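> According to this note's numbering, the residues represented by the sequence shown are 5 to 141, in order. Don't be surprised by glycine CBs; every beta carbon is placed ideally from N, CA and C. This one's a predicted model, so the numbers in the text were calculated from it and none came from an experiment.
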Amino acid sequence: MDARTKILNAASELFLEGGGDALSVRAISKRAGLSTIGIYSHFQGKQGILDALYIEGFNLVREAMDVIPEGRANKEQVLEACLGYLNVGEKYEAHYRLIFGESDAGYQPQSKLLLQEIVLSQNWYGWRVLIYQKRLA
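(1) Find out if the Cβ-Cβ distance for the pair Y18, L57 is shorter than 8 Å.
(2) Given that a residue counts as buried once 16 or more other Cβ atoms are within 10 Å of its Cβ, and exposed if not, what is I41?
(3) Please report the straight-line C-alpha distance between D113 and L54, rounded to a whole angstrom.
(4) Would DSSP call L12 helix, strand or coil?
(5) Output the boundary residues of the alpha helix (DSSP H) element that contains Y96.
(6) List the whole-angstrom C-beta distance separating V29 from K50, where the pair is believed to meet the contact cut-off of C-beta under 8 Å.
(7) Please name the residue, chosen from A98, E67 and A14, that lies closest to A31 on a Cα-to-Cα basis.
(8) Taking all protein chains shown into account, decide if G37 is buried (16 or more other Cβ within 10 angstroms of its Cβ) or exposed.
(9) In three-state DSSP terms, what is N63?
(10) Which runs of the alpha helix (DSSP H) at least 4 residues long sit entirely within the stretch 27 to 64? Give them in chain order.
(11) Am I right that E84 and L20 are in contact with their C-beta atoms under 8 Å? What's the rounded C-beta distance?
(12) Using a Cβ-Cβ cut-off of 8 Å (strictly less than) and excluding sequence neighbours within five positions of L12, which residues of its own chain qualify?
(13) Would A31 count as contacting chain C if we go by Cβ distances under 8 Å?
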């Protein structure tokens, strides 16, 4: 497992255990078995780690729901997309809580790239919902 993955896994575990307050570079580095310098070289601190988890969470949801082939969708395909969404919430609980604000109301996405990802994801979700509704009609 590469250092980036170890860091994100450690941050996810700590986030689930104690929310954003449980996250510190020192705690993450200890859990990941890496130096704090390693964390700063990959993410430039706690905010960068949270941003990475946030983006990763949106990507996981998007991938899980992207099961409808081009053309008309049937009810089973729409249900499969919904189940994919729910499965992400169960399997990646820390990501889910972070992107939907359940555990850390104080977290605010900071980077310009992150804000672009949010806009793209929101546009994608809105577009996808419209397509699902049209296909079932």
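From the atom records:
(1) Here the question's residue 18 lines up with position 14 in the sequence shown. Here the question's residue 57 lines up with position 53 in the sequence shown. Inspection of the sequence shows that residue 18 is occupied by Leu rather than by Tyr. Taking 8 Å as the cut-off, the Cβ atoms of L18 and L57 do not count as close.
(2) Looking up residue 41 in the sequence shown gives position 37. The residue is exposed, with fewer than 16 neighbouring Cβ atoms inside 10 Å.
(3) Counting from one through the sequence shown, the residue named residue 113 turns up at place 109. Counting from one through the sequence shown, the residue named residue 54 turns up at place 50. The question names Asp, but residue 113 is Pro in the sequence shown. Answer to the nearest angstrom: the Cα atoms are 8 Å apart.
(4) Here residue 12 corresponds to residue number 8 of the sequence shown, with the count starting at 1. Of the three classes helix, strand and coil, the one that applies to L12 here is helix, per DSSP.
(5) Working through the sequence shown from its first residue, we reach residue 96 at position 92. First-last for Y96: undefined, no H or E at that position.
(6) The residue you call residue 29 lines up with position 25 of the sequence shown. The residue you call residue 50 lines up with position 46 of the sequence shown. With a Cβ gap of about 6 Å, V29 and K50 count as contacting.
(7) Taking the first residue of the sequence shown as position 1, residue 31 is located at position 27. Selected option, being the one with the closest Cα: A14.
(8) In the sequence shown, residue 37 corresponds to position 33, counting from 1. It is exposed - the Cβ of G37 has fewer than 16 other Cβ atoms within 10 Å.
(9) Taking the first residue of the sequence shown as position 1, residue 63 is located at position 59. In the structure shown, N63 sits in a helix (DSSP, three-state: H, G or I).
(10) 29 to 36 and 40 to 47
(11) The residue labelled residue 84 in the question sits at position 80 within the sequence shown. The residue labelled residue 20 in the question sits at position 16 within the sequence shown. Actually they are not in contact, since the Cβ atoms of E84 and L20 sit about 27 Å apart, beyond 8 Å.
(12) The residue labelled residue 12 in the question sits at position 8 within the sequence shown. Contacts found: I53, A56, L57 and E60.
(13) Absent from the structure: chain C. Only one protein chain is present.
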